[in-house]
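J.:
Residue numbers (the UniProt record's numbering): 1 to 224.
1) Which residue wins for smallest C-alpha separation from residue 166, given the options 99, 45, 205, 221?
2) Leaving out the 5 sequence neighbours to the left and right, which residues in its chain are closer than 7 Å to residue 225 when beta-carbon positions are compared?
3) Can you tell me which of 91, 33, 23 puts its alpha carbon nearest to the alpha carbon of residue 126?
4) Taking the alpha helix (DSSP H) that residue 179 falls in, what are its first and last residues?
5) Nearest-angstrom Cα distance between residue 107 and residue 213?
6) Under 8 Å by Cβ, that's how I've got residue 224 and residue 162 pegged, so tell me the actual separation to the nearest angstrom.
7) Tell me whether residue 124 sits in a helix, a strand or coil according to DSSP, three-state version.
8) State the Cα-Cα distance for the pair residue 80 and residue 190, rounded to the nearest angstrom.
9) Between the Cα of residue 82 and the Cα atoms of 114, 70, 182, which residue gives the shortest distance?
10) Per DSSP, what are the beta-bridge partners of residue 147 in this structure?
11) Among 116, 136, 93, 99, whose alpha-carbon lies nearest the alpha-carbon of residue 105?
12) Taking C-alpha atoms, which residue in 34, 175, 72 lies nearest to residue 164?
13) Taking all protein chains shown into account, decide if residue 202 is buried (16 or more other Cβ within 10 angstroms of its Cβ) or exposed.
14) Where does residue 38 fall in DSSP's three states?
15) Counting Cβ pairs, one atom from each stretch, are 3 or more of them under 8 Å apart for the stretch 177-190 and the stretch 129-136?
16) What does the Cβ neighbour count give for residue 75, buried or exposed, with the cut at 16 atoms within 10 Å?
17) Between the stretch 168-182 and the stretch 190-199, can you find at least three pairs of beta-carbon atoms closer than 8 Å?
18) Would you report the Cα separation of residue 77 and residue 121, rounded to the nearest angstrom?
19) Of all Cβ atoms in chain B, is any one closer than 8 Å to the Cβ of residue 90?
20) Can you list, in chain order, the stretches of the beta strand (DSSP E) that have 3 or more residues and sit fully within the stretch 178-223?
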């Protein structure tokens with residue numbers, strides 16, 4: 001009997017399928033950061049638009065043979081940026097699952113779409129519009145300048161300091177005792193970011209990096 005064929009090295013980088021707004025942003029950013037990336041797009045106009053800007057091939061990723069031919073099996077991470085066409089999104093994700101891609105990120109346009117992608121084997125499902133809408137809702141409602149929900153309500157925000165904290169050290173403000181949130185860093189204009197210490201003094205022009213439960217952060221950020 002012949003010995004089994006060893007698995008592919010899977011070190012070719014990131015495969016990005018679909019060069020719409022979502023996929024092209026991921027591919028171009030990865031390229032700018034120096035990561036190995038290969039984009040796959042079947043629309044000839046988009047291929048022409050992105051030719052020379054990111055490494056790409058024109059192919060139909062709903063066809064498993066096309067993915068095999070372009071070496072998709074060698075990639076450790078794949079991003080399915082095709083969201084508007086449900087059938088294509090599902091077929092491409094299924095093809096990647098069949099290839100044994102270790103990490104599959106897929107774009108969804110609805111909760112139902114997301115559930116389907118998860119059921120067929122996508123490891124990470126992203127709903128860009130829903131996520132962006134929720135994030136912006138938090139930003140427009142207070143002093144928050146950036147908002148990242150990590151998991152289970154635990155959130156990290158960038159925000160302006162409430163008046164009651166300005167001119168005082170973190171220990172003096174008693175923010176954690178009073179509001180249940182933790183100031184983890186302070187960025188003063190023209191100075192490097194510093195991790196917060198009890199004697200770190202907060203000024204009106206500083207930016208605070210604060211962590212805690214989303215509800216508690218909302219309350220803290222609503223302070224005048």
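Beta carbons are placed, not taken as given, at the ideal position from N, Cα and C, and that holds for glycine.
T.: With the given structure in hand:
1) Nearest of 99, 45, 205, 221 to residue 166, Cα basis: 205.
2) The structure shown has nothing for residue 225, since the chain only spans 1 to 224.
3) Nearest C-alpha to residue 126: 23.
4) Membership of residue 179 in the alpha helix (DSSP H) is indicated by the continuous run 175-179.
5) Looking at the two C-alpha atoms, the distance is approximately 27 Å.
6) Yes, they are in contact, since the Cβ atoms of residue 224 and residue 162 sit about 6 Å apart, within 8 Å.
7) The answer is strand: DSSP assigns residue 124 an E or B state.
8) Using only the alpha carbons, I get a separation of about 40 Å.
9) Ranking 114, 70, 182 by CA distance to the CA of residue 82 puts 114 first.
10) Beta-bridge pairing links residue 147 to 157.
11) For residue 105, the nearest C-alpha among the options comes from 93.
12) Of 34, 175, 72, the residue nearest in Cα terms is 175.
13) Counting Cβ neighbours within 10 Å, residue 202 comes out buried, since at least 16 surround it.
14) Looking at residue 38 - three-state DSSP - the assignment turns out to be strand.
15) Counting C-beta pairs closer than 8 Å gives fewer than three between the stretch 177-190 and the stretch 129-136, which falls short of the contact rule.
16) Buried, since its Cβ has 16 or more Cβ neighbours within 10 Å.
17) Result yes; three or more Cβ-Cβ pairs closer than 8 Å.
18) One C-alpha to the other measures close to 14 Å.
19) Among the chains in the structure shown there is no chain B, since it carries only a single protein chain.
20) Within the stretch 178-223, the complete beta strand (DSSP E) segments of 3 residues or longer fall at 182-187, 207-213, listed in chain order.
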